[in-house]
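These notes concern the structure reproduced below.
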Amino acid sequence: MAQVTSSNNEHHAPDENNYMDEHRYYVDKEEEPQEGNEMQEEEEGEEVDFIDFRNLNSQDAWPLYRYRWWMREYFAEFLGTFFLVSFGDGVGATMLFHAGSTASYQTDSNYVGVTMGWGVGLTIALYITMGISGGHLNPAVTLANCISGAFPWKKAPGFIFAQIFGGFVGAANVYALFRPYLDEGEKNLQAGETMTSKYGGLFCTYPSVPNGYAVWSELFNTMALLMGILGINDDRMTPAINFKPVAVGLLVFCIGITTGVNSGYAINPARDLGPRMFSAVLWGSEPFTSHHYYFWIPMFCPIFGAVLGVFLYAIFIIPKGA
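In UniProt numbering, the protein residues as written are 1 to 322.
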């Protein structure tokens, strides 16, 4: 265990390979009294009219505080995917409802604006999470890293659950924000229309081509995504570290604006499955049965595309000094 010296009241850095050392180090560090604090102890009997914020970070202040350290990566993946879906689905809803269109999101919304929204949303989500969990935000990215040996398999189930649940809650957030518009749209459905056929694209992806073409679209787009991510994050390529999230966001924008229209470029099972589950809660099983049971394509094809991208990068991209 890392020890705290009493002579100079300083902490020794924890052994980075020892979780218990690391945990104790940060808990002790956060609870250490601050020297020279201007807020002095009130005299007995004197009325206190302020909140002492010094102890709000103490593990005694919050019942679940002691668990936050080892759960931080999973919380980061949940929150990152939550914001990604909130921004991405939100821009689609904004383009649809504020344009006053009566057609579906997938046919008449401003596609450039939607793809830009997803790219910028991903950039923000990465800035929030990259320093904590690595910013996977995508089961395909997590599994591809596991298969390549860059990420431990034992963390994969927790990461994937956090990502899908984050997508589900993000879709619920968009529904709550735009519910008046959706309720009004439901009242104005025409004969033969359903909420899924008209508004389902706000939450998850549906193809504009036969499913066979959509399979290749998801494979290719996710392969391009992973190869781009690897190149951006490869230290041997001397990247501009501070601009990694921006570069990945631009990569997603590029994929969406060029080859994404055929399948809706899910390229992320969490971005599609979580919101699809939420839309099924709202409107029944149609989100899973629509377009000849299309749901399995954005669920599985991105995983194979991600693995293919990692494989091709490892085989053909050889940075100088590798």
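Ideal Cβ placement from N, Cα and C applies to all residues, glycine included.
Backbone CA spacing between residue i and residue j [nearest angstrom]
| i | j | result |
| --- | --- | --- |
| Cys204 | Val174 | 12 Å |
| Gly264 | Pro207 | 6 Å |
| Val141 | Met223 | 10 Å |
| Gly231 | Ile257 | 20 Å |
| Ile303 | Ser148 | 13 Å |
| Leu225 | Leu282 | 31 Å |
| Met299 | Glu184 | 31 Å |
| Ser279 | Ala171 | 8 Å |
| Ala162 | Gly119 | 21 Å |
| Glu307 | Pro139 | Rather than Glu, the amino acid found at residue 307 in this sequence is Val. Between Val307 and Pro139, the C-alpha separation is close to 11 Å. |
| residue 324 | Val85 | In the structure as shown, the chain starts at 1 and stops at 322, and residue 324 therefore has no counterpart that could be examined. |
| Gly135 | Gly260 | 22 Å |
| Arg72 | Ser133 | 8 Å |
| Asn233 | Lys244 | 7 Å |
| Glu186 | Val209 | 26 Å |
| Phe178 | Asp235 | 42 Å |
| Ala247 | Thr129 | 15 Å |
| Glu286 | Ile164 | 19 Å |
| Thr194 | Asn242 | 45 Å |
| Phe97 | Gly192 | 21 Å |
| residue 327 | Cys301 | Only positions 1 to 322 of the chain appear in this structure, which leaves residue 327 out of reach. |
| Leu126 | Ala76 | 10 Å |
| Thr81 | Cys146 | 19 Å |
| Thr196 | Ala150 | 39 Å |
| Ala176 | Asn110 | 22 Å |
| Leu182 | Thr289 | 21 Å |
| residue 354 | Met277 | Here the chain covers residues 1 to 322 and nothing more, so residue 354 does not appear. |
Pick from the options that is closest to residue i, judged by C-alpha positions
| i | options | result |
| --- | --- | --- |
| Asn211 | Glu193, Asn221, Tyr294 and Ile160 | Tyr294 |
| Ile315 | Thr81, Tyr74 and Met227 | Met227 |
| Val252 | Val91, Gly121, His291 and Thr94 | Gly121 |
| Leu312 | Ala144, Ile124 and Asn138 | Ala144 |
| Ile267 | Trp296, Tyr67, Asn188 and His291 | Trp296 |
| Val169 | Phe78, Ser290, Pro269 and Gly305 | Phe78 |
| Gly90 | Ser285, Phe165 and Pro275 | Pro275 |
| Pro269 | Met195, Ile160 and Trp70 | Ile160 |
| Leu250 | Pro180, Arg236, Ile229 and Ala150 | Ile229 |
| Ile124 | Gly158, Phe87 and Gly113 | Phe87 |
| Lys154 | Val209, Tyr74, Phe288 and Leu202 | Tyr74 |
| Met116 | Gly131, Met95 and Tyr127 | Met95 |
| residue 359 | Met277, Gly167, Asn262 and Cys254 | Nothing about residue 359 can be read from this structure; the chain reaches only from 1 to 322. |
| Gly166 | Phe83, Gly305, Phe288 and Asn262 | Phe83 |
| Met237 | Asn110, Ile317, Met195 and Tyr127 | Ile317 |
| Arg271 | Leu126, Ala93, Leu137 and Tyr111 | Leu137 |
| Pro180 | Gly309, Ala76, His291 and Ala93 | Ala93 |
| Gly309 | Pro152, Glu218 and Ala156 | Glu218 |
Residue i - DSSP class collapsed to helix/strand/coil
| i | result |
| --- | --- |
| His292 | helix |
| Glu193 | coil |
| Ser279 | helix |
| Ala171 | helix |
| Leu230 | helix |
| Ser217 | helix |
| Val307 | helix |
| Ile164 | helix |
| Asp21 | Here the model assigns Asp21 a pLDDT of 48, short of 50, so the residue's position is not dependable and the matter cannot be decided. |
| Cys301 | helix |
| Gly284 | coil |
| Ala266 | coil |
| Phe203 | coil |
| Pro245 | helix |
| Tyr313 | helix |
| Pro180 | helix |
| Asn211 | helix |
Where the alpha helix (DSSP H) containing residue i begins and where it ends
| i | result |
| --- | --- |
| Lys154 | Neither: Lys154 is in no alpha helix (DSSP H) and is coded neither H nor E. |
| Thr259 | Neither: Thr259 is in no alpha helix (DSSP H) and is coded neither H nor E. |
| Asp89 | Arg68 to Phe97 |
| Pro139 | Pro139 to Ile147 |
| Ser133 | Tyr111 to Ser133 |
Check: residue i C-beta below 6 Å from any heavy atom of the ligand FAD
| i | result |
| --- | --- |
| Ala280 | Of ligands this structure carries none, so the ligand FAD is not represented either. |
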